[in-house]
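Asks:
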Amino acid sequence: MPAPDSVQTLPHGSLLRRLQWTLAAILCAALLWAALAPLHYPTRERLFEFSRGAAVLGGQPGPASVPAEVRLTLGVRDVLLLRNRDLAPHVFGQVLVLPGREVRLPFEQAGDYPFACDLAPASTVTVRVGEQPDPGWPRLRWRLSTLLDAVRTLPLQGPED
Numbered sequence: 789m790p791a792p793d794s795v796q797t798l799p800h801g802s803l804l805r806r807l808q809w810t811l812a813a814i815l816c817a818a819l820l821w822a823a824l825a826p827l828h829y830p831t832r833e834r835l836f837e838f839s840r841g842a843a844v845l846g847g848q849p850g851p852a853s854v855p856a857e858v859r860l861t862l863g864v865r866d867v868l869l870l871r872n873r874d875l876a877p878h879v880f881g882q883v884l885v886l887p888g889r890e891v892r893l894p895f896e897q898a899g900d901y902p903f904a905c906d907l908a909p910a911s912t913v914t915v916r917v918g919e920q921p922d923p924g925w926p927r928l929r930w931r932l933s934t935l936l937d938a939v940r941t942l943p944l945q946g947p948e949d
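Residue numbers for the sequence shown follow the working numbering, so the first one is 789 and each next one is one higher.
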């Protein structure tokens, strides 16, 4: 019989197993939340920016180029905010965006909308508007694809002097 003041220790395998089960439960809870929690953003706008120097590049790949495709989701992010930080005006569909101005294009129906754009590759930007995903696997898939898209489109910036 052990002494009353001695501390009982668990075998190393038992402690490791508890840690594994705890981590698995946390992962399951996070996935369950991602699949069932409502979708919301602080703003319903998705920024599409003509950055300074974009007219000089003329649609060539570079730091000032614009994407060939933009994805929106109804009820979550369904307004395309066109912002022109360039010194020259730019065309997006039938809209002329003057320097220093912003234009908002709201979308109310799901679908693919091609827009002529003077800076885009092949001079066309496709705006893909999807339905809001239902709870469960579709919502989890949407959250993961949105996360991957956000990581993929992070701006590359070097250390500032």
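Built from N, CA and C at the ideal position, the CB exists for glycine as well.
1. The beta strand (DSSP E) with His900 in it runs from where to where?
2. So what's Pro894 in DSSP terms, helix, strand or just coil?
3. Where does Val864 fall in DSSP's three states?
4. Alpha carbon to alpha carbon, how far is Tyr829 from Val864? Give it in angstroms, no decimals.
5. With DSSP run on the structure shown, which of helix, strand or coil describes Val854?
6. Restricting to Cα atoms, I'd like to know which of Trp809, Glu896, Leu820, Leu942 is closest to Leu862.
7. With a Cβ-Cβ cutoff of 7 Å, do Val917 and Phe903 count as a contact?
8. Hey, Ala823 and Arg892: beta-carbon distance below 7 Å or not?
9. Can you give me the start and stop residues for the alpha helix (DSSP H) that Thr934 sits inside?
10. Just curious, the beta strand (DSSP E) that Gly918 is in, first and last residue?
11. Quick one: grab the DSSP three-state call for Leu886.
Replies: Let's see:
1. The residue asked about is misnamed: residue 900 is Asp in this sequence, not His. Counting along the chain, the beta strand (DSSP E) containing Asp900 begins and ends at 899–904.
2. Under the three-state reduction of DSSP, Pro894 is assigned to strand.
3. Per DSSP, reduced to three states, the secondary structure at Val864 is coil, with no helix or strand assignment.
4. One C-alpha to the other measures close to 6 Å.
5. Here Val854 carries a coil assignment [DSSP, helix/strand/coil].
6. Ranked by Cα distance from Leu862, the options Trp809, Glu896, Leu820, Leu942 are led by Glu896.
7. Taking a C-beta distance under 7 Å as the contact criterion, Val917 and Phe903 do not qualify as a contact pair.
8. No; because the gap between Cβ atoms is not below 7 Å, this pair is not in contact.
9. For Thr934, the enclosing alpha helix (DSSP H) covers residues 925–940.
10. Unbroken beta strand (DSSP E) run through Gly918: 912–918.
11. The DSSP-derived three-state label of Leu886 is coil.
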